[in-house]
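Written below as structure tokens is the structure these notes are about.
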Amino acid sequence: MKITQVKALGLRCQSPVMSDAMSVCKARQALWIKIETDTDLYGLGEAFTFGSPLVVARHIVEDQLAPALIGEDPRHIEQLWQRMFWRNVPNGRTGLVMGCISGIDIALWDLAGKMNGVPVCQLMGIHSNKVPAYASGGFYAPGKDLDALKKEIEGYLEKGYSDVKIKIGRTPDLPGCAVGYTASREFSVTYEEDLDRIRTARKTMGKTGRLAADINAAWPAKAVVQAAGDFSEAGLNILEEPILFEDVKGLQAIRAAMPGISVMGYETTQGVRNFARLISEDTMDIVQPDIGWGGGFSEVRRIASVAEGFSKPVSLHSFGSCVHFAASLQLAASLPNTEAIESEENPNVLKTGLLSAPFEHDERMNYLVPQEPGLGIRIDWDKVARVRIF
Ligand SMILES: [Mg+2]
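Per the numbering used here, the very first residue in the sequence shown carries number 6; after that it's consecutive.
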């Protein structure tokens, strides 16, 4: 079997306006990668782009990375991964190029699963057929008050979730906060209002369940350290990406300041070497790579192995389309140290509206790993056609 084409597919749909600390979202987009072969089989993957223009990623996939793949045997996944990495080290070891390498790697593993007639988790060795999930939401939105946040979280609990994540940190008046550098300060809050959001979430959840809050690296370390007591008192259990991951000393100070709160990160980090350094420097309690950004199945499995070597749990970040979520489920199901997976609950057609059959879960929101060959899902290409922009 030989690879004949590597294509990028751009998807975009409208979204209700919502924001985290650092960005306002009005539309959702995804970059899918389709690897075609000289047989009827193809592989499908997704590169996470963190909002970059999709056309930039398209050129990286089709002009920069595809030449290393065309004419090659798609079964040689590790060989192809290393070629893509080493041929692009100066400009591609991190950033959008690594995101595109990740998406290609996912497509190669999807294809490998289809060739063998089994889901990817079976190729990798199944650890569990169910993956625990937490509800990821709690965004800021125009006119969204504490009562609306409460109702949102009540909905998650009714669905069966016990753990919930909300967004905090959209506090431009906090000294050193990076929100002032973003394009919009719409519906930002004060520090006290943010604490009320945490308190509201905790009160709604009661004494059970873990509450996480994500700052999206908007704050400086000093502000997070100073907030440690307030966070603890408000009932927070997990703090996600509080500051830039490059500030190792700051992360260590944060962990020392909040022994009762687990620090989780860092979805923006890529590659096993970067994660290995951060894990060995004791900057996190829960390791949270993204399969579509951090290096695909091949590299994120290595990241999880490093985490296992330091007895750290893995909680995969997932904020993409159905392809990204399916890939995350397949990987999570094969890891011994999977703690949970992020289950985004915002309305997102790209995640819930493009499949022939929805993702399945039990009454406690443990996801059943989809069992079709490859990523396990069946795409409804007619529905995809409605959201394709290229
Ligand atoms: Mg995050």
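The beta-carbon is built from N, C-alpha and C at its ideal position, and this holds for glycine as well. Computed from a predicted model, the values in this text were never measured in an experiment.
Within 10 angstroms of the Cβ of residue i, are there 16 or more other Cβ atoms? Answer buried if so, exposed if not.
{"i": "Val339", "result": "What sits at residue 339 in the sequence shown is Ser, not Val. It is buried - the Cβ of Ser339 has at least 16 other Cβ atoms within 10 Å."}
{"i": "Lys208", "result": "exposed"}
{"i": "Met6", "result": "exposed"}
{"i": "Ala390", "result": "exposed"}
{"i": "Trp86", "result": "buried"}
{"i": "Asn134", "result": "exposed"}
State the start and end residues of the unbroken alpha helix (DSSP H) segment that holds residue i.
{"i": "Trp37", "result": "No alpha helix (DSSP H) contains Trp37, which is instead part of the beta strand (DSSP E) from 29-42."}
{"i": "Val94", "result": "94-97"}
{"i": "Lys170", "result": "Lys170 -> not in any alpha helix (DSSP H); beta strand (DSSP E) instead, spanning 169-172."}
{"i": "Ala337", "result": "327-339"}
{"i": "Asp235", "result": "226-239"}
{"i": "Asn279", "result": "277-285"}
{"i": "Leu46", "result": "Where Leu46 is concerned, there is no enclosing alpha helix (DSSP H), given that its DSSP letter is neither H nor E."}
{"i": "Leu256", "result": "253-262"}
Compare the beta carbon distance of residue i and residue j with 7 Å and say whether it is the shorter of the two.
{"i": "Asp150", "j": "Thr176", "result": "no"}
{"i": "Val277", "j": "Glu304", "result": "yes"}
{"i": "Leu241", "j": "Ala218", "result": "yes"}
{"i": "Ala35", "j": "Ser326", "result": "yes"}
{"i": "Glu196", "j": "Leu179", "result": "Residue identity differs from the one stated: residue 196 is Tyr in this sequence, not Glu. Result yes, Cβ atoms of Tyr196 and Leu179 sit closer than 7 Å."}
{"i": "Glu51", "j": "His322", "result": "no"}
{"i": "Ala226", "j": "Ile173", "result": "no"}
{"i": "Ile8", "j": "Leu74", "result": "yes"}
{"i": "Cys105", "j": "Val169", "result": "no"}
{"i": "Ala138", "j": "Met289", "result": "no"}
{"i": "Val29", "j": "Ser189", "result": "yes"}
{"i": "Gly297", "j": "Gly108", "result": "yes"}
{"i": "Ile382", "j": "Leu360", "result": "yes"}
{"i": "Gly142", "j": "Glu350", "result": "yes"}
{"i": "Thr413", "j": "Leu244", "result": "The structure shown has nothing for residue 413, since the chain only spans 6 to 395."}
{"i": "Ala228", "j": "Gly160", "result": "no"}
{"i": "Ser267", "j": "Gly214", "result": "no"}
Regarding residue i and ligand 2, is the C-beta to nearest heavy atom distance less than 6 Å?
{"i": "Glu51", "result": "With respect to ligand 2, the structure shown offers nothing to examine, as its ligands consist of ligand 1."}
Which residues mark the beginning and the end of the beta strand (DSSP E) in which residue i is found?
{"i": "Lys135", "result": "135-141"}
{"i": "Met23", "result": "8-24"}
{"i": "Ser267", "result": "267-270"}
{"i": "Ala217", "result": "216-219"}
{"i": "Ala71", "result": "No beta strand (DSSP E) holds Ala71; DSSP gives it neither H nor E."}
{"i": "Ala345", "result": "343-349"}
Is residue i helix, strand or coil when you go by DSSP?
{"i": "Glu245", "result": "strand"}
{"i": "Leu359", "result": "coil"}
{"i": "Leu321", "result": "strand"}
{"i": "Glu197", "result": "helix"}
{"i": "Pro124", "result": "strand"}
{"i": "His64", "result": "helix"}
{"i": "Ser310", "result": "helix"}
{"i": "Asp295", "result": "strand"}
{"i": "Glu77", "result": "coil"}
{"i": "Leu151", "result": "helix"}
{"i": "Tyr186", "result": "helix"}
Check whether the segment 281-299 and the segment 68-83 are in contact - that is, three or more C-beta pairs closer than 8 Å. no
Are three or more beta carbon pairs between the segment 120-133 and the segment 96-103 nearer than 8 Å? no
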